[in-house]
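J.: Got a structure here, written out as structure tokens. Questions coming.
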Amino acid sequence: MLDAAGDPIDAGLIDLPPLDPGAAPVTLKVPAKRGGATVLADLIDPLGYSVLTVKNDLAPPAAPVIRHVHASSKTARVLFDPVARADGYRLAYDGPGGPKQAAPTINDFVDVAGLELDQRYAFRLVAFNEAGESAPSAAVSAMTTRDDLPPILWSIQSADRALFVNYSTEATDYLYEIELTLPGTERVRRISVTTRGATRIPGLENGKTYQLRMRRRNGIGFDSAWSEPHAATPHGPGDLPAPASGYLVPGPGDLTLLVFDPVPDAAGYEARFGTRTLPIGSAASGTVFLRGIGRAQAVSLRAVDDSGQPGQALELRRLH
3 MLDAAGDPID
13 AGLIDLPPLD
23 PGAAPVTLKV
33 PAKRGGATVL
43 ADLIDPLGYS
53 VLTVKNDLAP
63 PAAPVIRHVH
73 ASSKTARVLF
83 DPVARADGYR
93 LAYDGPGGPK
103 QAAPTINDFV
113 DVAGLELDQR
123 YAFRLVAFNE
133 AGESAPSAAV
143 SAMTTRDDLP
153 PILWSIQSAD
163 RALFVNYSTE
173 ATDYLYEIEL
183 TLPGTERVRR
193 ISVTTRGATR
203 IPGLENGKTY
213 QLRMRRRNGI
223 GFDSAWSEPH
233 AATPHGPGDL
243 PAPASGYLVP
253 GPGDLTLLVF
263 DPVPDAAGYE
273 ARFGTRTLPI
283 GSAASGTVFL
293 RGIGRAQAVS
303 LRAVDDSGQP
313 GQALELRRLH
């Protein structure tokens with residue numbers, strides 16, 4: 003059970019009878035919980051893999067917030083923060099051509115084409131799920147200009163003293179400029195690359211969080227606007243971050259279900275409780291069954307890198 007912010011507030015394990023093809027359906031009743039906004043039911047096989055997830059939203063998501071609007075001569079890119087429990091987003095905009103709607107998206111941005119140069123447009127966004135739409139965001143307006151849109155930073159992956167950057171490209175691109183800044187210092191590094199779609203940035207300091215932004219340059223020398231800055235931290239051996247979240251769900255007997263957010267680049271995991279260290283294979287999809295954990299015993303979880311060294315620990319919370 004998730005609350006309105008998307009955080010788990012209750013969980014439990016239910017033993018199922020054998021499920022045979024063609025047999026009568028099995029009906030399960032999930033008790034309601036005060037403050038619950040979404041019910042998630044996972045069918046988990048004996049190895050701990052989630053093979054099916056059913057979601058039932060009891061309340062719409064919160065209203066999203068538009069963070070920034072990039073505008074070019076005929077296109078605008080609306081950037082926003084993802085909203086917990088949202089299945090997608092719808093953007094409405096108004097300008098010289100009257101009110102219109104963009105196609106729904108599951109991304110954290112919307113590109114709107116077919117705009118007119120030197121015109122002002124107002125944008126509003128709603129999030130939606132099975133229970134309905136959120137309240138609309140506050141309106142944000144932007145004027146179309148002759149600037150090109152910046153690249154979309156699809157992902158930034160950490161490596162030992164390096165970062166891998168994946169980004170969108172256009173047919174007219176000539177080169178890409180990447181700027182790295184260490185917050186709180188005057189150190190700014192700019193590099194230019196011609197590689198399309200992905201590049202590696204070497205020579206960085208492990209454990210330091212950089213602000214990275216990017217722009218494109220076309221064949222006649224015009225630069226796009228800069229992308230929004232993204233935080234990224236190179237990781238050396240033993241530097242993997244802790245999982246973003248993790249929970250223990252008590253089951254029958256000494257059985258416990260561990261639910262966690264997988265860590266990018268992890269080769270495996272280890273759970274520590276008491277004097278025991280239990281290895282968890284890299285194939286773990288975020289759910290795994292554990293045995294022998296006491297009901298009040300403290301349990302921590304660490305990601306293990308490909309050199310076999312564990313990273314930072316997350317103390318796991320129990321759900322009842």
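Residues in the sequence shown are numbered from 3 upward in steps of one, following the working numbering.
Cβ coordinates follow ideal geometry from the N, Cα and C atoms, glycine included.
The structure displayed is predicted, hence computed values, not measured ones.
(1) Sorted by chain position, which residues of the same chain lie with C-beta nearer than 6 Å to Leu119's C-beta, five sequence neighbours on each side aside?
(2) Okay, do the stretch 145-165 and the stretch 107-126 touch, 3+ Cβ pairs below 8 Å being the bar?
(3) Under 8 Å, do Ser136 and Phe130 count as touching if we go by C-beta distance?
(4) Round the Cβ separation of Leu316 and Pro245 to the nearest angstrom and send it over; I've been treating them as touching at under 8 Å.
(5) Determine which residues share a DSSP beta bridge with Ile203 and list them.
(6) Looking at C-alpha atoms only, which residue of Gly37, Lys31, Asp17 is the closest neighbour of Ile11?
(7) Taking just the CA atoms, how far does Pro153 sit from Ser170?
(8) Residues bridged to Gln103 by DSSP?
(9) CB-CB under 7 Å to Ala61, same chain, minus the five flanking residues each way: which ones, in chain order?
(10) Tell me, please, whether the CB atom of Val85 is closer than 8 Å to any CB atom in chain C?
(11) Mark His72 as exposed unless 16 or more other C-beta atoms lie within 10 angstroms of its C-beta, in which case mark it buried.
(12) For Val56, I'd like the list of residues in its chain whose CB is within less than 6 Å of its CB, leaving aside the five on either flank, ordered along the chain.
(13) To the nearest angstrom, how far is the alpha carbon of Ser229 from that of Ala13?
(14) Helix, strand or coil, according to DSSP, for Thr196 in the structure here?
(15) According to the Cβ coordinates, are Glu272 and Pro281 closer than 8 Å?
(16) Can you find at least 3 beta carbon pairs, one from the stretch 94-113 and one from the stretch 16-34, that sit closer than 8 Å?
(17) DSSP beta-bridge partners for Ala305?
(18) At what residues does the beta strand (DSSP E) containing Lys57 begin and finish?
(19) For Ala78 and Ala227, what's the separation of their Cα atoms in angstroms?
(20) What number of angstroms, rounded off, separates the C-alpha of Arg191 from the C-alpha of Asp59?
T.: In short:
(1) Ser75, Thr146
(2) yes
(3) yes
(4) 5 Å
(5) Leu165
(6) Gly37
(7) 5 Å
(8) Ala94
(9) Ala6, Ala39, Ala133
(10) Checking the listed chains, one finds no chain C in this structure; it contains a single protein chain.
(11) buried
(12) Ala43
(13) 40 Å
(14) coil
(15) yes
(16) no
(17) Tyr271
(18) 52-59
(19) 12 Å
(20) 46 Å
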